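Sequence order for the protein chains is D and R. So that you can map any letter, position 33 of the first sequence is 33 in the UniProt record's numbering, and since no number is skipped, the others follow by simple counting. So that you can map any letter, position 172 of the second sequence is 172 in the UniProt record's numbering, and since no number is skipped, the others follow by simple counting. Note that CB positions come from ideal geometry on N, CA and C, so glycine has one too. Since the structure is predicted, the reported quantities are computational estimates derived from the model, not experimental observations.
Protein chains: 2
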Amino acid sequence: MAPSPKCQGKACPAPGPVPNGLIRLYSMRFCPFAQRARLVLTAKGVKHEIININLKDKPDWFLEKNPSGTVPVLETSSGQVIYESPITCEYLEEAYPEKKLLPSDPFERAQQKMLLDHYSKVIPYFYKISMGKKRGEDVSAAEVEFKDKVSQLNEYLAKKKTKYFGGNSITMIDYLIWPWFERAEMMGVKHCLANTPELRKWIECMFEDPVVKATMFSTEDHKVFFNSYMDGNPNYDHGL
Amino acid sequence: MAPSPKCQGKACPAPGPVPNGLIRLYSMRFCPFAQRARLVLTAKGVKHEIININLKDKPDWFLEKNPSGTVPVLETSSGQVIYESPITCEYLEEAYPEKKLLPSDPFERAQQKMLLDHYSKVIPYFYKISMGKKRGEDVSAAEVEFKDKVSQLNEYLAKKKTKYFGGNSITMIDYLIWPWFERAEMMGVKHCLANTPELRKWIECMFEDPVVKATMFSTEDHKVFFNSYMDGNPNYDHGL
Numbered sequence: 001m002a003p004s005p006k007c008q009g010k011a012c013p014a015p016g017p018v019p020n021g022l023i024r025l026y027s028m029r030f031c032p033f034a035q036r037a038r039l040v041l042t043a044k045g046v047k048h049e050i051i052n053i054n055l056k057d058k059p060d061w062f063l064e065k066n067p068s069g070t071v072p073v074l075e076t077s078s079g080q081v082i083y084e085s086p087i088t089c090e091y092l093e094e095a096y097p098e099k100k101l102l103p104s105d106p107f108e109r110a111q112q113k114m115l116l117d118h119y120s121k122v123i124p125y126f127y128k129i130s131m132g133k134k135r136g137e138d139v140s141a142a143e144v145e146f147k148d149k150v151s152q153l154n155e156y157l158a159k160k161k162t163k164y165f166g167g168n169s170i171t172m173i174d175y176l177i178w179p180w181f182e183r184a185e186m187m188g189v190k191h192c193l194a195n196t197p198e199l200r201k202w203i204e205c206m207f208e209d210p211v212v213k214a215t216m217f218s219t220e221d222h223k224v225f226f227n228s229y230m231d232g233n234p235n236y237d238h239g240l
Numbered sequence: 001m002a003p004s005p006k007c008q009g010k011a012c013p014a015p016g017p018v019p020n021g022l023i024r025l026y027s028m029r030f031c032p033f034a035q036r037a038r039l040v041l042t043a044k045g046v047k048h049e050i051i052n053i054n055l056k057d058k059p060d061w062f063l064e065k066n067p068s069g070t071v072p073v074l075e076t077s078s079g080q081v082i083y084e085s086p087i088t089c090e091y092l093e094e095a096y097p098e099k100k101l102l103p104s105d106p107f108e109r110a111q112q113k114m115l116l117d118h119y120s121k122v123i124p125y126f127y128k129i130s131m132g133k134k135r136g137e138d139v140s141a142a143e144v145e146f147k148d149k150v151s152q153l154n155e156y157l158a159k160k161k162t163k164y165f166g167g168n169s170i171t172m173i174d175y176l177i178w179p180w181f182e183r184a185e186m187m188g189v190k191h192c193l194a195n196t197p198e199l200r201k202w203i204e205c206m207f208e209d210p211v212v213k214a215t216m217f218s219t220e221d222h223k224v225f226f227n228s229y230m231d232g233n234p235n236y237d238h239g240l
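Structural data, given as structure tokens:
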């Protein structure tokens with residue numbers, strides 16, 4: 001029987017072992033890091049089950065699997081545990097090699113990793129701006145810096161002259177970058193993308209991708225969750 | 001002709017293209033991050049040349065290759081440029097697959113990446129403690145935290161019951177962790193390893209490894225460089 005999609009808190013009993021032939025993802029429905037793993041699982045067509053975690057009231061059995069308490073976490077039927085979102089995605093790429101999301105050329109693979117490393121320094125700005133605004137702070141300095149960072153992403157696409165970050169078809173790096181742009185409107189950063197035409201074209205293409213469509217939430221749903229989160233009472237089960 | 005090992009500063013002319021059949025490493029002789037790439041190049045027997053950079057007076061042509069200005073940077077004979085030490089090492093693993101340093105099993109590979117991610121949070125302590133001491137600051141709190149972190153590394157080896165972090169033979173993760181432990185005595189953190197017998201056994205084994213021997217400096221040489229660095233006048237060419 002598939003696990004309930006409702007979030008599991010401290011009082012919830014530990015799940016049993018992962019059934020043979022499946023991989024389990026510990027997730028949180030609105031978490032962009034966990035969405036990376038959901039995108040990759042979906043893109044590769046990997047049979048999986050999802051257990052959503054109450055991140056404000058984590059079960060002890062979850063902290064035993066990943067002491068840092070973050071999602072995503074993968075667990076295999078032999079009890080192997082993998083965490084940190086880029087590591088889970090690369091693991092899935094290697095463990096389920098039928099449909100490849102990474103290029104085979106070593107330099108192209110390195111390029112994706114360098115871009116991901118650069119992007120990891122962009123992510124904090126989504127939060128600085130959206131949370132700062134919500135708290136009524138002046139976020140203009142953060143917006144200037146964010147605009148500079150997204151211009152660099154725009155330039156990357158412009159120089160490469162391709163629709164996606166890895167070429168003319170969608171690859172791993174697009175899915176790793178995506179989740180925060182899905183939330184750009186909700187996070188109140190969309191106006192910072194005014195001078196990034198290539199990046200905006202990429203966002204449009206991504207919204208049309210069937211894998212993105214299968215894993216995404218609407219801006220409205222993201223907003224409800226974000227507001228509940230900022231009010232200190234995250235509604236992990238919103239929409240269920 | 002092999003490039004001079006002396007560091008290249010702002011006034012130095014740009015080097016020509018990388019000769020065919022070689023890969024070029026931009027390095028700094030005493031940099032532990034660059035040493036990761038030197039270890040991997042040496043372990044895999046990759047034919048390479050090294051250009052050392054004056055990190056206090058960086059040439060513009062170097063900043064064009066890597067705008068963040070850090071070493072290591074790899075450059076291929078077709079002008080491809082790769083930076084960030086773990087990315088350079090993985091690139092070398094994939095571009096020169098004859099002698100493998102990473103396990104082939106996806107979970108074992110993920111384990112190495114998770115351990116590296118954990119270790120990236122240990123590295124700052126080497127600097128907090130050594131630099132704090134040199135400045136006459138109280139570093140006791142940093143030492144307590146560092147002891148806890150190295151205990152976790154010790155426990156990892158103890159649980160795994162192997163000589164090295166990836167098993168009973170030396171693999172990529174050992175080379176990625178190593179450079180700071182080569183400097184442990186020089187950095188004044190050796191006493192923090194008192195209760196880590198497995199880790200100390202690993203250090204002893206690493207000091208005996210021919211690849212480590214080929215790329216290392218003595219504690220005395222590290223000390224001369226570190227002192228010159230802390231005095232604001234790094235002697236990049238010490239010993240040449």
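* To do: Please confirm if R/K121 has its CB atom under 7 Å from at least one CB of chain D.
  => No, its Cβ sits nowhere closer than 7 Å to a Cβ of chain D.
* Indicate whether at least one CB of chain R lies closer than 7 Å to the CB of D/Q64. => Going by the sequence as given, residue 64 of chain D is Glu instead of Gln. No - not a single Cβ of chain R is within 7 Å of the one on D/E64.
* **Within 7 Å, strictly: CB atoms of R/E182 and R/M216** => yes
* Going by the beta-carbon positions, is the gap between D/K10 and D/P59 smaller than 7 Å? -> Result yes, Cβ atoms of D/K10 and D/P59 sit closer than 7 Å.
* Looking at the C-beta of R/M114, does it have a partner C-beta in chain D at a distance below 7 Å? -> Yes, R/M114 lies at the interface with chain D (some Cβ there is under 7 Å from its Cβ).
* Asked: In its own chain, which residues sit with a C-beta less than 6 Å from the C-beta of D/I82, not counting the 5 before and 5 after it?
  -> L74, T88 and Y91
* Element boundaries [beta strand (DSSP E), containing R/V81] -> V81 to Y83
* Asked: With D/I173 and D/D209 assumed to form a contact (beta carbons below 8 Å), what rounded beta-carbon distance in angstroms separates them?
  -> Not quite, the Cβ-Cβ distance comes to about 13 Å (not below 8 Å), so this is no contact.
* Using 7 Å as the limit for Cβ to Cβ distance, is R/D117 near chain D? -> For R/D117, the nearest beta carbon of chain D is closer than 7 Å to its own beta carbon.
* Tell me, please, which residues DSSP counts as bridged to R/G167. => R/Y164
* In this structure, what does DSSP give as the bridge partners for R/H48? -> For R/H48, which the question treats as bridged, DSSP gives the partners R/I23.
* Could you tell me which of D/Y236, D/L41, D/P5 and D/E108 sits nearest to D/G167, measuring between CA atoms? => Nearest option by C-alpha distance: D/E108.
* Check the Cβ-Cβ distances between R/I173 and every residue of chain D, and say whether any is below 7 Å. => No, because no Cβ of chain D sits closer than 7 Å to the Cβ of R/I173.
* To do: Give a yes or no on whether 7 Å exceeds the smallest Cβ distance from R/Y91 to chain D.
  => Taking 7 Å as the CB threshold, R/Y91 lines the interface with chain D.
* To do: Find out if the Cβ-Cβ distance for the pair R/Y125, R/A142 is shorter than 7 Å.
  => Cβ distance < 7 Å, so R/Y125 and R/A142 count as in contact.
* Asked: Hey, out of R/S77, R/P3 and R/M28, whose CA is closest to R/F225's CA?
  -> R/M28
* Is it the case that the Cβ atoms of R/K134 and R/M230 are separated by a distance below 7 Å? -> yes
* Go through its chain and collect everything with a Cβ distance to R/A214's Cβ below 8 Å, but skip five positions before and after it. => T42
* To do: With D/V211 as the anchor, note down where its alpha helix (DSSP H) starts and where it stops.
  => P210 to T215
* **Members of the UniProt domain "GST C-terminal" (105-225) of chain R that neighbour chain D once the beta carbon cut-off is set at 7 Å** => For the UniProt domain "GST C-terminal" (105-225) of chain R, the set of residues with a beta-carbon nearer than 7 Å to any beta-carbon of chain D comprises P106, F107, R109, A110, K113, M114 and D117, in chain order.
* To do: Return the chain-ordered ranges of every beta strand (DSSP E) run that is complete within the UniProt domain "GST C-terminal" (105-225) of chain R and spans a minimum of 3 residues.
  => At a cut-off of 3 residues, not a single continuous stretch assigned as beta strand (DSSP E) sits fully inside the UniProt domain "GST C-terminal" (105-225) of chain R.
* Secondary structure at R/L74, three-state DSSP: helix, strand or coil? -> strand
* From the DSSP output, which residues share a beta bridge with D/Q35? -> Beta-bridge annotation (DSSP): D/Q35 is not paired with any residue.
* Bridge partners of D/I53, per DSSP? -> D/Q8
* Along the alpha helix (DSSP H) that carries R/D60, what are the first and last residues, could you check? => Per DSSP, the continuous alpha helix (DSSP H) segment holding R/D60 begins and ends at D60 to K65.
* How do the stretch 154-161 of chain R and the stretch 92-103 of chain R stand: do at least 3 beta-carbon pairs fall below 8 Å, yes or no? -> no
* Asked: Hey, how far is the Cα of R/V150 from the Cα of R/C192?
  -> 8 Å
* Collapsed DSSP secondary structure at D/P86 in the structure displayed -> D/P86: helix per DSSP, three-state reduction.
* **Cβ shell of D/T196 (< 8 Å), same chain only, five flanking positions each side left out** => Excluding the 5 residues flanking it on each side, D/T196 has same chain C-beta neighbours closer than 8 Å at V150, S151, L153 and N154, in chain order.
* To do: For R/Y83, return the contacting residues in chain A, with the cut-off set at a CB-CB distance below 8 Å.
  => Reference to chain A is not applicable here, since the protein chains of this structure are D and R.
* To do: Using three-state DSSP, classify D/S68 as helix, strand or coil.
  => coil
* Helix, strand or coil: how does DSSP classify D/A2 here? -> If DSSP states are grouped into helix, strand and coil, D/A2 belongs with coil.
* Going by other Cβ atoms of all chains shown within 10 Å of its Cβ, with 16 needed for buried, is D/L63 buried or exposed? -> exposed
* Asked: Is R/N233 buried or exposed, if buried means 16 or more other CB atoms sit within 10 Å of its CB?
  -> exposed
* Does R/E94 have its Cβ less than 7 Å from a Cβ in chain D? -> yes
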